[in-house]
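Colleague: The structure that follows is given in the form of C-alpha cells.
2 protein chains.
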Amino acid sequence: MKDRSIKRPSLDELTHGIDQSDRMMLSRAITIVESKLASDQQLATKLLDSVIHKTGKSVRIGITGVPGVGKSTFIESFGTHLTALGKKLAVLSIDPSSSLTKGSILGDKTRMTHLSQNSNAFIRPSPAGTSLGGVAQKTRESILLCEAAGFDVILVETVGVGQSETAVRDMVDFFLLLMIAGGGDELQGIKRGIMEMADALVINKADGNNLKPANQAKKAYENALHLFPPHESGWTVPVKTCSAIKNEGILEIWSTIETYMSTSTESGYLTRQREAQNVKWMHELIRARLETNFFGDPAMKDKITQITKKVAAGELGVRHAVNSLFS
Amino acid sequence: MKDRSIKRPSLDELTHGIDQSDRMMLSRAITIVESKLASDQQLATKLLDSVIHKTGKSVRIGITGVPGVGKSTFIESFGTHLTALGKKLAVLSIDPSSSLTKGSILGDKTRMTHLSQNSNAFIRPSPAGTSLGGVAQKTRESILLCEAAGFDVILVETVGVGQSETAVRDMVDFFLLLMIAGGGDELQGIKRGIMEMADALVINKADGNNLKPANQAKKAYENALHLFPPHESGWTVPVKTCSAIKNEGILEIWSTIETYMSTSTESGYLTRQREAQNVKWMHELIRARLETNFFGDPAMKDKITQITKKVAAGELGVRHAVNSLFS
Chain D
1 MKDRSIKRPS LDELTHGIDQ SDRMMLSRAI TIVESKLASD QQLATKLLDS VIHKTGKSVR
61 IGITGVPGVG KSTFIESFGT HLTALGKKLA VLSIDPSSSL TKGSILGDKT RMTHLSQNSN
121 AFIRPSPAGT SLGGVAQKTR ESILLCEAAG FDVILVETVG VGQSETAVRD MVDFFLLLMI
181 AGGGDELQGI KRGIMEMADA LVINKADGNN LKPANQAKKA YENALHLFPP HESGWTVPVK
241 TCSAIKNEGI LEIWSTIETY MSTSTESGYL TRQREAQNVK WMHELIRARL ETNFFGDPAM
301 KDKITQITKK VAAGELGVRH AVNSLFS
Chain F
1 MKDRSIKRPS LDELTHGIDQ SDRMMLSRAI TIVESKLASD QQLATKLLDS VIHKTGKSVR
61 IGITGVPGVG KSTFIESFGT HLTALGKKLA VLSIDPSSSL TKGSILGDKT RMTHLSQNSN
121 AFIRPSPAGT SLGGVAQKTR ESILLCEAAG FDVILVETVG VGQSETAVRD MVDFFLLLMI
181 AGGGDELQGI KRGIMEMADA LVINKADGNN LKPANQAKKA YENALHLFPP HESGWTVPVK
241 TCSAIKNEGI LEIWSTIETY MSTSTESGYL TRQREAQNVK WMHELIRARL ETNFFGDPAM
301 KDKITQITKK VAAGELGVRH AVNSLFS
C-alpha cells in the first residue's frame, strides 16, 4: 500500500499528538513534511507554524565519520547513556545517496538494535529524495518536530564522504567528527574541510591493542588542531578517545558537549549561530526556488546545456553566456 | 576629471592593443571591465569574447596571508625572481574592503616599489565595488585580459581575513598560504577553512633569530598536514620556508608551483579544475542575477527585512516565510 493512499491525520491531531510526545504521530508528521504531495506540503507548513514556539530547546548535535569508524555503535552507546540519564534522544540521518537505494530504513533498524527498542529514543532514517537540498530541508524540519515533541537531544548523522557535512554543520549546535587511529589512512574517505568544521574530534575503538595507537593519534591531532585558526566562538576543539563497543569514554563526550552548550549559551554565541543558521536556511530556500524556476524552465534546458559546455571549455565568455540566458 | 568622461578606445583598438601587450591598453581594458556604465559593460562583453581564444595559458596563483606576514615583500621578491627568469607577471588584488576606502591604489604602488617599475610586471589594485561578488567577477575577467596580453603568471592576492579566499581559490590553479612562525598566534586573523584550501604553506621571515622558530613551525605544519585528508588531485601539500626580504627560498617556491602545474596538467586535473571553475563562475553569475532581481525589487525589500527578523528569532517557520515571499 502506497503511503499517499493513507488518510492523513488532521492538523489538530498532529499538533496535539506531538504535544503529547506521541511517537507514532511524530512519525506521521515527519512523513508529511517529507512528502511531495501539494496537500501534504500545505499541511506541513501549517504544522510547522503551529509548533514553532515549542522548538529550539534541544541540544542539536551533528556527527560524521567515514564507514568503518563505528558510527552506529557509537550512536548506540551514546544514545543508551543519554537515555539512562533521563534524556530523550532523536536520531536523524541525512544521506541523500542511501535514500536512492531505499536501503537505509532497514539499515537503521538493524544497526542500532538496542536504541531502536528504547522508548526514550526515536530513530528516523534519511528521507527519500534525490537532492541534498531537499533532504537537508526535511531534516531541518524534522529537528523542529522532534523538539516540539519534547526530545532533549537531536543527533543528526551523516556519512562524511559527500557534500552533506556542510548542510549538517549548518543545522546543528555542535559538530562531532568520529575517527579511528590509523596513521592518516582513516582520512582517505573524508572530504577536505570537514576537520575544520568539527567542534570535537573523537577517536573511537580505543581499546585492546588499539589503545596505544588511539592515544598517539589523540596527541597528534591535538598538536595539529593547535595549528588551526581559533574557533569563532572561542571554543578550543578537544580530541577525545572512546570505545563505543566497551562503553568507555562516552559520558565524557556528553559532558564536553554540555560544557560547550553552557559556555556558548552564556556568551550568546549559540543564539547568534542559530539565528544565522535560520537566515541562511531561508536564503538557501529562496535561492533554490529561484533556481528551480530558472533552470527548470523547459524552454531553457537545452540552451543552458549547450552554453555550459562552451563555458566549461573556455570557448565562450561567462559574461556573454549569462547575458544570453537572461536576454 | 572623472574616468567616465574619458573617451573609450574602440573594440579594435583594445583588441589590437592587448594583442601587442600594450600595458596602457590593458589598463584601459580592465577599467572598462570594472566600469558600471552600460555602454562599458557592452564593450567589455565584446572585448572578452574577442580575446577568449588567447586566454588560459598562464599559471594562475592565489596568495593569501594576514597583514604582517610580509605579503608585499614576498610578492616583490617572487615577482622580481620571475621576471628575471623572463616571465611576465601580473599582480591583481582582490580586497572588497580596501576598495571602500580607495586606499589600495596608493598602497599597491608604494608597497611594491621595485615591481611597480619593472617593465615585465603589471600591478593592478583591487577594483572599486562594494560587493565581493562584483569584485571577484572583475578580477576573473582581468585575469583573462592579462592572459590575452601575454602574461605568463597571474598572481591574485587577497588578505586572508575575509570571505574573499574562497572566491580566489575558485579562480586560480594554485593557492598559496603565507604565514610566519609564531606558535599559533599568526593564525589569529586567518579564517577557519583557509588552511585546507592551500596547495602550499609558506613560512616567511625565516631568517636571523627567526630561522629556528620558522623551521620548527615548518615541521609542526608538516605533521599537521599529514593528518589532513588528502588533496583531490593527489598533490601532497608542502610546507616551505623563505625569507622574502633576503630573497631566500623564493625560487624553490616557484619550482614547487611548476612541479604542481606539470603534474596536474599531465593528470588532467588542471583542465578539470578550470572547467569546473568556469561552470561554477557561470552559476554564480546566474544566481547573482536571479537574486538581484528578487531582492532588489523595491516592493519586496521591506517585506524581506521583516520576515528575515522573524525567521532569525525562530518566530516564523522558514517554509511559511519563503512561501509568503513567492506568493
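These protein sequences, in sequence, are chains D and F. In terms of full-length UniProt numbering, the first sequence opens at residue 1 and continues consecutively. In terms of full-length UniProt numbering, the second sequence opens at residue 1 and continues consecutively. A virtual CB, placed ideally from N, CA and C, is assigned to each residue, including glycine.
What did DSSP end up calling VAL202(F) once you bin it into helix, strand or coil?
Modeller: Taking the first residue of the second sequence as 1, we reach residue 202(F) at position 202. VAL202(F) falls in the strand class under three-state DSSP.
Colleague: Give every residue of the same chain whose Cβ lies closer than 6 Å to the Cβ of ASP40(F), excluding the five residues on either side of it in the sequence, and list them in chain order.
Modeller: In the second sequence, residue 40(F) corresponds to position 40, counting from 1. Within the same chain, ASP40(F) has close Cβ partners ILE32.
Colleague: With a threshold of 8 Å between beta-carbons, can TYR221(D) be considered close to chain F, or not?
Modeller: The sequence position of residue 221(D) within the first sequence is 221, counting from 1. True, the Cβ-Cβ gap to chain F drops below 8 Å.
Colleague: Got a sec, what are the start and stop residues for the beta strand (DSSP E) ILE257(D) sits in?
Modeller: Numbered from its first residue, the first sequence carries residue 257(D) at position 257. Not the beta strand (DSSP E): ILE257(D) falls in the alpha helix (DSSP H), residues 250 to 267.
Colleague: Of the choices ALA244(F), MET171(F), ALA148(F), whose alpha-carbon is the least far from that of GLY208(F)?
Modeller: For the purposes of this step, residue 208(F) is taken as residue 208 along the second sequence, with counting starting at 1. Checking every option, the nearest Cα to that of GLY208(F) belongs to ALA244(F).
Colleague: Contact check, ILE94(F) vs THR158(F) under 8 Å by CB: the rounded distance?
Modeller: Residue mapping note: residue 94(F) aligns to position 94 of the second sequence, counting from 1. Residue mapping note: residue 158(F) aligns to position 158 of the second sequence, counting from 1. That belief holds up - the Cβ atoms of ILE94(F) and THR158(F) are roughly 5 Å apart, short of 8 Å.
Colleague: Could you give the first and the last residue of the continuous alpha helix (DSSP H) run that contains THR236(F)?
Modeller: Counting from 1 along the second sequence, the entry for residue 236(F) is found at position 236. No alpha helix (DSSP H) holds THR236(F); DSSP gives it neither H nor E.
Colleague: Nearest CA to the CA of LEU115(F): which residue from ALA38(F), ARG28(F), PHE78(F)?
Modeller: Position 115 of the second sequence, counting from 1, holds the residue named residue 115(F). Ranking the options by Cα distance to LEU115(F), first place goes to PHE78(F).
Colleague: Am I right that LYS54(F) and GLU147(F) are in contact with their C-beta atoms under 8 Å? What's the rounded C-beta distance?
Modeller: As a working note, residue 54(F) is residue 54 in the second sequence. As a working note, residue 147(F) is residue 147 in the second sequence. Correct: roughly 7 Å between the Cβ atoms.
Colleague: Can you name, in chain order, every residue of its own chain whose Cβ lies under 6 Å from the Cβ of MET197(D), other than the five neighbours on each side?
Modeller: If you number the first sequence from 1, residue 197(D) lands on position 197. The answer, listed in chain order, is ARG169, PHE175.
Colleague: List the residues of chain F that ASP43(D) touches, going by C-beta distances under 8 Å, in chain order.
Modeller: By 1-based counting over the first sequence, the position of residue 43(D) is 43. Looking at the sequence provided, one finds Leu at residue 43(D) rather than Asp. Listed by position along chain F, the residues whose Cβ is nearer than 8 Å to that of LEU43(D) form an empty set, because the closest Cβ is around 11 Å away.
Colleague: Within its chain, find whatever has a CB closer than 8 Å to the CB of GLU248(D); leave out the 5 residues flanking it on each side and keep chain order.
Modeller: If you number the first sequence from 1, residue 248(D) lands on position 248. For GLU248(D), where only same-chain residues beyond five positions count, the Cβ hits under 8 Å are ALA206, ASP207, CYS242.
Colleague: So is ASP199(D) buried or exposed if we call it buried at 16+ other beta carbons inside 10 Å?
Modeller: Translated into positions along the first sequence, residue 199(D) becomes position 199. Burial call: buried.
Colleague: Is it buried or exposed for LEU37(F), if we count other Cβ within 10 angstroms and need 16 for buried?
Modeller: As a working note, residue 37(F) is residue 37 in the second sequence. Answer is exposed; the Cβ neighbour count stays below 16.
Colleague: Per DSSP, which residues does VAL322(F) bridge with? Please list them.
Modeller: Counted from its first residue, the second sequence places residue 322(F) at position 322. None; VAL322(F) has no bridge partner.
Colleague: Is DSSP giving PHE78(F) helix, strand or coil here?
Modeller: Position 78 of the second sequence holds residue 78(F). Three-state result, PHE78(F): helix.
Colleague: With a 10 Å radius around its C-beta and 16 neighbouring C-beta atoms as the bar for buried, classify ASN120(F) as buried or exposed.
Modeller: To locate residue 120(F), count along the second sequence from 1; it is residue 120. It is buried - the Cβ of ASN120(F) has at least 16 other Cβ atoms within 10 Å.
Colleague: Looking at the structure shown, is VAL172(D) part of a helix, part of a strand, or coil, going by DSSP?
Modeller: Numbered from its first residue, the first sequence carries residue 172(D) at position 172. Three-state DSSP puts VAL172(D) in coil, outside helix and strand.
Colleague: Counting pairs of Cβ atoms below 8 Å between the segment 312 to 319 of chain D and the segment 40 to 52 of chain F, do you hit three or more?
Modeller: Counting Cβ pairs under 8 Å, three or more are found: they touch.
Colleague: Ordered along the chain, which non-local residues of its own chain (more than five positions away) have a Cβ less than 6 Å from that of LYS102(D)?
Modeller: Within the first sequence, the letter at position 102 stands for residue 102(D). In this prediction, LYS102(D) scores a pLDDT of 40, lower than 50, which makes its location untrustworthy; no coordinate-derived value is stated.
Colleague: Bridge partners of GLY62(D), per DSSP?
Modeller: By one-based count along the first sequence, residue 62(D) stands at place 62. Answer by DSSP bridge pairing, in chain order: VAL156(D), PHE175(D).
Colleague: Who are the Cβ neighbours of VAL153(F) in its own chain at under 7 Å, not counting the five residues just before and after it?
Modeller: Stepping through the second sequence from its first residue, residue 153(F) is reached at position 153. Contacts found: SER58, VAL59, ILE61, LEU82, LYS87, LEU89.
Colleague: With 8 Å as the threshold, decide whether the Cβ of PRO229(F) is near any Cβ in chain D.
Modeller: Reading the second sequence from its first residue, position 229 is the one you call residue 229(F). Closer than 8 Å to some Cβ of chain D, the Cβ of PRO229(F) qualifies, so yes.
Colleague: I need the boundaries of the alpha helix (DSSP H) containing ILE123(D), first residue and last residue.
Modeller: Within the first sequence, the letter at position 123 stands for residue 123(D). ILE123(D) -> not in any alpha helix (DSSP H); beta strand (DSSP E) instead, spanning 121 to 124.
Colleague: Can you tell me where the beta strand (DSSP E) with SER116(D) in it begins and where it stops?
Modeller: Here residue 116(D) corresponds to residue number 116 of the first sequence, with the count starting at 1. That residue, SER116(D), is in no beta strand (DSSP E); its alpha helix (DSSP H) goes 113 to 116.
Colleague: Does LYS240(F) come out as helix, strand or coil in the three-state DSSP assignment?
Modeller: In the second sequence, residue 240(F) corresponds to position 240, counting from 1. Here LYS240(F) sits in strand by DSSP.
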